[in-house]
Structure formats: structure tokens, C-alpha cells
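Here is the structure we will look at.
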Amino acid sequence: MNNQVKLMGVIIFTLFSQLCLAQEDTRHIQLHHLLDSLHRSNAFNGNVLVAEKGKVIYQESFGLADEKSKRKIDHDTAFELASVSKQFTAMAIILLQKQGKLSYSDEVSKYVPELAAYKGITLHHLLVHTSGLPDYMALAVKYWNKNDIATNASILKLFEQVKPEREFQPNEKWEYSDTGYLVLATVIERVSKSSFNDFLKQNIFMPLGMNRTFIYQRRYEPMQIKNYAEGYIYSDSLKRKILPDELGNGNYEVFLDGVVGDGMVNSTTEDLLKWDRALYTDQLIDDNDKKLVFSSHDTSTGQATAYGYGWFIENSEKYGKVVSHSGDWAGYITYIERHIDRDKTIIILQNNSLESTVIPVPDICKIIYGE
27 MNNQVKLMGV
37 IIFTLFSQLC
47 LAQEDTRHIQ
57 LHHLLDSLHR
67 SNAFNGNVLV
77 AEKGKVIYQE
87 SFGLADEKSK
97 RKIDHDTAFE
107 LASVSKQFTA
117 MAIILLQKQG
127 KLSYSDEVSK
137 YVPELAAYKG
147 ITLHHLLVHT
157 SGLPDYMALA
167 VKYWNKNDIA
177 TNASILKLFE
187 QVKPEREFQP
197 NEKWEYSDTG
207 YLVLATVIER
217 VSKSSFNDFL
227 KQNIFMPLGM
237 NRTFIYQRRY
247 EPMQIKNYAE
257 GYIYSDSLKR
267 KILPDELGNG
277 NYEVFLDGVV
287 GDGMVNSTTE
297 DLLKWDRALY
307 TDQLIDDNDK
317 KLVFSSHDTS
327 TGQATAYGYG
337 WFIENSEKYG
347 KVVSHSGDWA
357 GYITYIERHI
367 DRDKTIIILQ
377 NNSLESTVIP
387 VPDICKIIYG
397 E
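Each residue of the sequence shown is one higher than the one before, starting from 27 at the first, in the working numbering.
Now the structure itself:
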């Protein structure tokens, strides 16, 4: 009798395992059909990784990393993350707070006297985009010498000189702000007394084994990067894909290359999965910190911002708590989405920023949830 029970258990386990494998194979086939079709229609060029509980269920590369040499993208190809970088800037501020070197309630002018005219703005306001600081890109386009590459320091000097008006009073409303994360990167450097790159490398990238993640400013500090994806935009006049540099120094993607904090982190899909896994542990931050990172913070009027510390926040009826961020800069379209309650992760890195480029996350979700 015992042997029969054991045998039945083995049979049930085997059938269940085969069913799971069949389901996994089906999802893999469906995901590949989706991404391959998009690639063939010039709507997707890059890397995609989908994981459940840290296990990769789909990972594939599509297209070229370099149009000139015809070098193909592979799993280890590094991409500019654009605004996906903001979550690393936010994490650096959290780590400095945990070290007792700053407080979220500190006024920005304590560390950045160039912004003394903008009283009442705290580090928290910068983190959640409620500072009211005007857009630095618009300011640079209007006042900056386009033959020079701007840096965080030079942009802050421009703020000090021009003193553009606030968009609104601190915490009065929510408005996405690249300026805020530029300022946060400057705070990180001044408080830690190290470069933005070095602080992230020593405190985040190296501890997590993210060996293919780094700050790269190709025009401000040119260097040779192994297996790097060049970012392409489309030129209507030339009728072909080009590098932004071909547009000349007047293009803001070129003369703002010295700015960090709101972008300029570069990484791979596999390194971003390591980052995803670390956020389920206490390796960098504890549960109290995570509540700040992955919660929406209200404005003074009670408006829900749907933004945490470096992440957009959504409470989905279908998928539970979803945190995500997209990026779009100089030929790169990037995206990371984490379904925290279900432990599912979608990472997309593309090096074509074209009118036809899409981020097919809704379709990917339908497949992985069997909808």
C-alpha cells in the first residue's frame, strides 16, 4: 500500500512538472513570436528579459548594437538606461541617509547653495518630483553655449545666475522633474566627497555584482566600452538612422552629456535582474526604507503622486503592486517593471528611438499571466 501511495505521488509530481514545463514552453514561444514580429516591423531593437521569482523565463536579443560594423546585440550588451537611472540616484540618497550623513527633510540649499533662492525645497521633494524647480533642459537650451558640454556644476551656476521662476511651491503639486535628480546627484557628490560614479560603484554596483553597470558620458569623458549598444534616432532629412552626434553640437543630447543623476547609468538586462533580486532582500535597504521607495507620496493638497523614491507606483487589481520606470534619451528606450506581489520582472533595453519603437509590456503581461 505504501509503495502504491509513493508511486502515485511520483506520478502526480511528474505530471505536474510536465504541465509546468509545457506552460513555460508555451509562454516562451508566445513571447518570442511577439518580440520577433515587432523586430521585423522595425518596432523593437534590443534586449528583453522576463523573470519569475528570479528565474529567467524569457531572454532574447534582437538587432544590431552598431549599425556601421553590423555588430549584433547579445545578452551582455550594455545600454544607456536614461531615466531608469533615477532609481539608482534615489538609492544613493537613501544609503547616505542610513549612514546618518543627511536627512530627507533637509533643505536642498544646505548642500547646494546655488539654489538658495528656492527656499523650502527638501531632498524628499526632489525624490518624489514635488519641488517646483523649473526644467534645466529648457534653461540650457535658452542660455547655454552649445559649443561647450554642460555639467551638473555649470547647470547649477546657470540657475544661480538666471534664477528662473519656480513652477509651483514645494509639495503643492506633482510634476516630473529631471532637474530634481540632477540636484540629487550633486548632493550625493558633496555629502560623500566622491564622484557620483564612484559612490554608485562602491555602494551599489559592486556589492550586488553588477559588473556591467557604470556611468558613461561618451562625449564628456570618451572611453572604449566593450560590447556597447550605440543609440540611434531617425533623420527625416537623411532618411536613415543616425547617431545624435551627427546633428551637431546644437543638439541638447550632445551638449548636456556632462549631466548625471537624471540619467547616464548604463547597464545590461542581466545586471538589472541582479538589482531586482536585491530589492527583495535587506542587502541594501530594510523594509522601512522600502515603504518609502515603493509607496506613493501625497502632495500638500492630498494629490496622490503615484511616485515613490525613483519609481512609479501602481496598485493593480490584476497584478498587485507594480513599480516601474521608463527611460527615453538620445537613441535609447528603456523600461523595467516589477510586480512585487507576484515576483515577476520585465526588463527592456532598446537602442533605437524611432517613431515606430514600442514598449510591449501590456502584451508581455498578457502572455506571462496566461490571459
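Beta carbons are placed, not taken as given, at the ideal position from N, Cα and C, and that holds for glycine.
Local Cβ density within 10 Å of residue i, reported as buried at 16 or more and exposed below that
i	result
E256	buried
I37	The predicted position of I37 is uncertain, since its pLDDT is 48 and thus under 50; a value taken from the coordinates is nonetheless stated next. When all chains shown are included, I37 counts as exposed.
I390	buried
H59	exposed
I147	buried
I394	buried
K229	In the sequence on display, residue 229 carries Asn and not Lys. So N229 counts as buried.
K344	exposed
L57	buried
I362	buried
K370	buried
Y137	buried
T52	exposed
E397	exposed
Q243	buried
L226	buried
M163	buried
E272	exposed
E140	buried
P248	exposed
L264	exposed
Residue range of the alpha helix (DSSP H) that includes residue i
i	result
E78	Looking at the DSSP string, E78 is not in any alpha helix (DSSP H); the run it does join, the beta strand (DSSP E), is 72-78.
F225	222-226
I393	387-394
R216	204-218
W301	295-304
A118	112-124
I169	In the sequence under discussion, the amino acid at residue 169 is Tyr, which differs from the Ile named in the question. First-last of the alpha helix (DSSP H) with Y169: 162-169.
V280	278-281
V348	Note, V348: premise wrong, no alpha helix (DSSP H); beta strand (DSSP E) at 346-355.
CB of residue i within 8 Å of CB of residue j, strictly
i	j	result
I374	G89	no
Y333	W200	yes
I175	G284	yes
S180	M290	no
T295	H101	yes
G287	N178	yes
L149	L128	yes
R364	D315	no
V280	R238	no
T360	F114	no
Y258	K267	yes
I372	G346	no
L310	V217	no
D297	M232	no
V134	V209	yes
Y167	Y306	First, the residue type needs correcting, since residue 167 is Val and not Tyr in the sequence shown. Cβ distance not < 8 Å, so V167 and Y306 don't count as in contact.
Cut-off 6 Å between Cβ atoms - residues of its own chain near residue i, not counting five sequence neighbours on either side
i	result
A143	K189
E381	none
K183	none
Y207	K112, T115, G287, D288
V154	H323, T331, Y333
V384	A69
E398	Examination of residue 398 is not possible in this model, given that the chain is present from 27 through 397 alone.
G80	R303
W170	A176
A91	R97, I99, T103, A255
S321	G334
Proximal residues to residue i (C-beta, below 8 Å), its chain only, five neighbours per side dropped
i	result
A48	Caution is warranted here: a pLDDT of 49 is assigned to A48, below 50, making its placement in the model unreliable, and the coordinate value is therefore given only provisionally. Within the same chain, A48 has no close Cβ partners at all.
S67	S382
K124	I311, D315
E93	E256, Y258, K267
The beta strand (DSSP E) enclosing residue i, as first and last residue numbers
i	result
E186	Where E186 is concerned, there is no enclosing beta strand (DSSP E), although the alpha helix (DSSP H) it sits in stretches over 178-188.
I374	370-376
H155	Element bounds for H155: n/a, residue is neither H nor E.
N341	338-342
K267	266-268
D313	It is not in any beta strand (DSSP E) - D313 instead sits in the alpha helix (DSSP H) that spans 313-319.
K81	81-88
H101	Looking at the DSSP string, H101 is not in any beta strand (DSSP E), and its letter there is neither H nor E.
T360	358-365
Y260	258-261
Closer than 8 Å to chain C by CB, residue i
i	result
Y242	Within the model displayed, chain C is absent; a lone protein chain is all it includes.
Close beta carbons around residue i, own chain, < 7 Å, minus the five adjacent residues each side
i	result
H151	S157, P196, N197
A211	T115, N178, F222, V286, G287
Practice task
Would you check if there are 3 or more beta carbon pairs closer than 8 Å linking the stretch 308-328 to the stretch 60-79?
Solution key: no
Handout entry: Cβ contact (3+ pairs, closer than 8 Å) linking the stretch 149-165 and the stretch 192-210
Key = yes
Practice task
Specify whether the stretch 97-112 and the stretch 340-360 touch according to this definition: at least 3 beta carbon pairs, one from each stretch, less than 8 Å apart.
Solution key: yes
Handout entry: At least 3 beta-carbon pairs within less than 8 Å: the stretch 113-133 vs the stretch 217-227
Key = yes
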